[in-house]
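Peer 1: For reference, the structure I am asking about is given below.
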Amino acid sequence: MDVRAMVAVLVVLGVGGLAGAQEPSASSGQQIKVDGSSTVFPITQAAAKAFKSSQADKKTEITVDVSGTSGGFKKFCAGQTDISNASRPILLKEMEACKQAGIAYIELPVAVDALTVVVNPKNDWAEAITLEELKKMWEPDAQKKVTRWKQVRASWPDRPLALYGPGKDSGTFDYFTEAAMGKPGVSRADYTASEDDDVLVQGVGKDTNALGYFGYAYYEANKERLKALAIDSGKGPVIPSRQTVEKNQYRPFSRPLFIYVNARASQEKPELRAFVDFYLKNATRLVSLVGYIPLPETGYQVASGHFYKGKVGTVYGGQTQLNLTIDELLRRDATF
Numbered sequence: 067m068d069v070r071a072m073v074a075v076l077v078v079l080g081v082g083g084l085a086g087a088q089e090p091s092a093s094s095g096q097q098i099k100v101d102g103s104s105t106v107f108p109i110t111q112a113a114a115k116a117f118k119s120s121q122a123d124k125k126t127e128i129t130v131d132v133s134g135t136s137g138g139f140k141k142f143c144a145g146q147t148d149i150s151n152a153s154r155p156i157l158l159k160e161m162e163a164c165k166q167a168g169i170a171y172i173e174l175p176v177a178v179d180a181l182t183v184v185v186n187p188k189n190d191w192a193e194a195i196t197l198e199e200l201k202k203m204w205e206p207d208a209q210k211k212v213t214r215w216k217q218v219r220a221s222w223p224d225r226p227l228a229l230y231g232p233g234k235d236s237g238t239f240d241y242f243t244e245a246a247m248g249k250p251g252v253s254r255a256d257y258t259a260s261e262d263d264d265v266l267v268q269g270v271g272k273d274t275n276a277l278g279y280f281g282y283a284y285y286e287a288n289k290e291r292l293k294a295l296a297i298d299s300g301k302g303p304v305i306p307s308r309q310t311v312e313k314n315q316y317r318p319f320s321r322p323l324f325i326y327v328n329a330r331a332s333q334e335k336p337e338l339r340a341f342v343d344f345y346l347k348n349a350t351r352l353v354s355l356v357g358y359i360p361l362p363e364t365g366y367q368v369a370s371g372h373f374y375k376g377k378v379g380t381v382y383g384g385q386t387q388l389n390l391t392i393d394e395l396l397r398r399d400a401t402f
């Protein structure tokens, strides 16, 4: 199922149990603009639809667009958006761009993802894959050279290898390349790239020889036409799931997901403040509905405290963080 369609259905089914929104003041006719990560998109889109459904006047318009985490930060640091969806922490170069533009931001973790490597369900030879094999597939030296499954593992068949993945503006691309290749942004270029994860889902779902990667919610919404591979990082293969993420077993591909809120806009636009309040109060249910792993309730309470106190900046030092446990995520946020 297209994740956009799924979000609309889930919100209709689930909105009844959500906490109500604070009513924004008379300026509620304004628009809230969100852009960024396709991975975080389903959560924010679900929050936006539920928020609008919960409003008495329904005047606030919320647009949620996708241009990738990097693309979203470019717009955010140029003052073009109120919220930036991000599947990794803000980087040093983006921090500097925001600083130069006078944009202060509030960093709010909203969920945990299990970045998922998938194949077509008709693939009957691959059940698990090692980090070294992923590197062999995706490293720059593999371009136009590693083109068949047998070249990756000798026991796999001599069939063409068709790769699908996010483009270079994607935070998922940054995270995957750092986890698999040891450096963000290092990848072969001869693969089918898209910032729209539904395009990647469709590509892998139609090609028996395909392999791709994207956020866990897109796999969850399309299990009938995808097969997830277990990841072996040296301690045996581990399948992506809520349980393996919560037990800190699905490493290094479990990662926090964020929204970044323009601090000044949150003070000047009551409708933005009301939306973020609604988002955090209902995050546990919304995150679960769309297929990601929610934070413990204390995580959202801490995030709400940061938002209302206007705590600006990041606890991640401008770098992608690998192997970050949920407990470590909560500890960093609590001591910010």
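Note that my numbering has the sequence shown beginning at 67, numbered continuously upward.
Heads up, the beta-carbon is just placed ideally off N, CA and C, and yes, glycines get one too.
Treat the numbers as computed from the prediction; the structure is a model and nothing was measured.
Under the rule that 16 or more other beta-carbon atoms within 10 Å means buried, what is Glu-89, buried or exposed?
Peer 2: As a working mapping, residue 89 is identified with position 23 in the sequence shown. Here the model assigns Glu-89 a pLDDT of 48, short of 50, so the residue's position is not dependable and the matter cannot be decided.
Peer 1: Which residues in the same chain have their Cβ closer than 6 Å to the Cβ of Leu-157, if we skip the five residues on either side of it in sequence?
Peer 2: Position 91 of the sequence shown holds residue 157. Once the five neighbours on either side are set aside, the close Cβ partners of Leu-157 are Gly-384.
Peer 1: Which of the three DSSP states, helix, strand or coil, is assigned to Val-311?
Peer 2: Stepping through the sequence shown from its first residue, residue 311 is reached at position 245. Helix.
Peer 1: Closer than 6 Å by C-beta to Asp-131: which residues in its own chain qualify, once you throw out the five before and the five after it? Chain order, please.
Peer 2: Walking along the sequence shown from the start, residue 131 turns up at place 65. Cβ within range, chain order: Asp-101.
Peer 1: If you draw a straight line from the C-alpha of Thr-380 to the C-alpha of Arg-398, how long is it?
Peer 2: Here the question's residue 380 lines up with position 314 in the sequence shown. Here the question's residue 398 lines up with position 332 in the sequence shown. Using only the alpha carbons, I get a separation of about 10 Å.
Peer 1: Quickly, what does DSSP pair Val-50 with across the bridge? List them, please.
Peer 2: Because the chain is modelled from 67 through 402, residue 50 falls outside the range shown and cannot be assessed.
Peer 1: Can you tell me whether Gln-97 is helix, strand or coil according to DSSP?
Peer 2: By one-based count along the sequence shown, residue 97 stands at place 31. Gln-97 falls in the strand class under three-state DSSP.
Peer 1: Report the residue from Ser-221, Gln-96, Leu-295, Val-304 whose alpha carbon sits nearest the alpha carbon of Thr-129.
Peer 2: Stepping through the sequence shown from its first residue, residue 129 is reached at position 63. Checking every option, the nearest Cα to that of Thr-129 belongs to Gln-96.
Peer 1: Whole angstroms is fine: what's the gap from Asn-275's alpha carbon to Lys-347's?
Peer 2: What you label residue 275 is simply residue 209 of the sequence shown in a count that begins at 1. What you label residue 347 is simply residue 281 of the sequence shown in a count that begins at 1. One C-alpha to the other measures close to 43 Å.
Peer 1: Let me make sure I understand the geometry here. Which of Lys-125, Lys-201, Leu-295 has the alpha-carbon closest to that of Tyr-282?
Peer 2: Your numbering for residue 282 matches position 216 in the sequence shown. Nearest C-alpha to Tyr-282: Leu-295.
Peer 1: Nearest to Ser-103 by CA position, among Gln-121, Lys-115, Ser-136, is which residue?
Peer 2: Counted from its first residue, the sequence shown places residue 103 at position 37. Of Gln-121, Lys-115, Ser-136, the residue nearest in Cα terms is Ser-136.
Peer 1: Is Pro-360 closer than 8 Å to Ala-369 when the C-beta atoms are compared?
Peer 2: Mapped onto the sequence shown, residue 369 falls at position 303. Mapped onto the sequence shown, residue 360 falls at position 294. Their beta carbons are not under 8 Å apart, which means Ala-369 does not touch Pro-360 by this criterion.
Peer 1: Would you be able to state if there are at least three C-beta pairs under 8 Å between the segment 161-176 and the segment 263-280?
Peer 2: Verdict: no, contact absent.
Peer 1: Could you check which residue in Phe-344, Leu-200, Gly-231 has the C-alpha nearest to that of Ile-109?
Peer 2: Reading the sequence shown from its first residue, position 43 is the one you call residue 109. For the residues Phe-344, Leu-200, Gly-231, the minimum Cα distance to Ile-109 belongs to Phe-344.
Peer 1: Quick check on the burial criterion: 16 or more other C-beta atoms within 10 angstroms. Buried or exposed for Thr-44?
Peer 2: No statement about residue 44 is possible, as the shown extent of the chain runs from 67 to 402 and does not include it.
Peer 1: Could you tell me which residues DSSP puts in a beta bridge with Pro-226?
Peer 2: Within the sequence shown, the letter at position 160 stands for residue 226. In DSSP, Pro-226 forms a bridge with Arg-214.
Peer 1: So what's Tyr-382 in DSSP terms, helix, strand or just coil?
Peer 2: As a first step, residue 382 is located in the sequence shown; it is residue number 316 there, counting from the start. Three-state DSSP puts Tyr-382 in coil, outside helix and strand.
Peer 1: Along the chain, where does the beta strand (DSSP E) that runs through Ile-195 open and close?
Peer 2: Taking the first residue of the sequence shown as 1, we reach residue 195 at position 129. Where Ile-195 is concerned, the enclosing beta strand (DSSP E) stretches over 194-196.
Peer 1: When burial is assigned at 16 or more other CB atoms within 10 Å of the CB, is Asp-264 buried or exposed?
Peer 2: One-based indexing of the sequence shown puts residue 264 at position 198. Buried: at least 16 other Cβ atoms inside 10 Å.
Peer 1: Nearest CA to the CA of Ser-332: which residue from Ser-236, Lys-375, Asp-179, Tyr-230?
Peer 2: Residue 332 sits at position 266 when you count from the first residue of the sequence shown. Cα-wise, what sits closest to Ser-332 is Lys-375.
Peer 1: Grab me the residues of Phe-402's own chain with a C-beta within less than 7 Å of its C-beta, minus the 5 sequence neighbours each way, in chain order.
Peer 2: Position 336 of the sequence shown, counted from the start, is the residue given in the question as residue 402. Within the same chain, Phe-402 has close Cβ partners His-372, Lys-377, Val-381.
Peer 1: With DSSP as the reference, label Gly-248 as helix, strand or coil.
Peer 2: Indexing the sequence shown from 1 puts residue 248 at position 182. Residue state, collapsed to three classes: coil.
Peer 1: For the alpha helix (DSSP H) that Ile-392 lies in, which residues bound it at each end?
Peer 2: As a working mapping, residue 392 is identified with position 326 in the sequence shown. Taken as a continuous stretch (DSSP letters only), the alpha helix (DSSP H) holding Ile-392 covers 392-400.
Peer 1: What is the residue span of the beta strand (DSSP E) that Ser-104 lies within?
Peer 2: For this step, residue 104 is matched to residue 38 along the sequence shown. No beta strand (DSSP E) holds Ser-104; DSSP gives it neither H nor E.
Peer 1: So Glu-173 is in the beta strand (DSSP E); what residue range does that whole segment cover?
Peer 2: The count along the sequence shown starts at 1 and reaches residue 173 at position 107. Glu-173 -> beta strand (DSSP E) spans 171-180.
Peer 1: Use the C-beta contact count for Ser-91: other C-beta atoms within 10 angstroms, 16 or more gives buried, fewer gives exposed.
Peer 2: Here residue 91 refers to the residue found at position 25 when the sequence shown is read from its first residue. Reliability of the predicted coordinates at Ser-91 is poor, the pLDDT of 39 falling under 50, and no value is obtained from them.
Peer 1: Going by CA-CA distance only, name the one from Gln-387, Trp-191, Ser-299 that's closest to Asp-224.
Peer 2: For this step, residue 224 is matched to residue 158 along the sequence shown. With distances taken between Cα atoms, Asp-224 lies closest to Trp-191.
Peer 1: Along the chain, where does the alpha helix (DSSP H) containing Gly-271 start, and where does it finish?
Peer 2: Position 205 of the sequence shown, counting from 1, holds the residue named residue 271. Where Gly-271 is concerned, the enclosing alpha helix (DSSP H) stretches over 263-272.
Peer 1: Tell me whether Ser-93 is buried or exposed, calling it buried when 16 or more other Cβ atoms sit within 10 Å of its Cβ.
Peer 2: Position 27 of the sequence shown holds residue 93. Note that Ser-93 scores a pLDDT of 38, beneath 50, so its modelled location is shaky; the value from the coordinates is reported in the next line. It is exposed - the Cβ of Ser-93 has fewer than 16 other Cβ atoms within 10 Å.
Peer 1: Quick check: the Cα distance between Glu-392 and Val-184, rounded to an integer number of angstroms?
Peer 2: Taking the first residue of the sequence shown as position 1, residue 392 is located at position 326. Taking the first residue of the sequence shown as position 1, residue 184 is located at position 118. First, the amino acid is wrong: residue 392 is Ile here, not Glu. About 24 Å.
Peer 1: Of the choices Thr-126, Tyr-257, Ala-340, Pro-303, whose alpha-carbon is the least far from that of Leu-227?
Peer 2: Counting from 1 along the sequence shown, the entry for residue 227 is found at position 161. When each option's Cα is compared against that of Leu-227, the closest is Tyr-257.
Peer 1: DSSP state of Ser-91, grouped into three classes?
Peer 2: For the purposes of this step, residue 91 is taken as residue 25 along the sequence shown, with counting starting at 1. Interpretation of Ser-91 is limited by its pLDDT of 39, a score under 50 that renders its predicted location unreliable; the figure taken from the coordinates is listed afterwards. The answer is coil: DSSP assigns Ser-91 none of H, G, I, E or B.
Peer 1: Please check the pair Arg-254 and Glu-205, which I expect to be a contact at CB under 8 Å, by giving their CB distance rounded to whole angstroms.
Peer 2: As a working note, residue 254 is residue 188 in the sequence shown. As a working note, residue 205 is residue 139 in the sequence shown. Contact holds; Cβ gap of about 7 Å.
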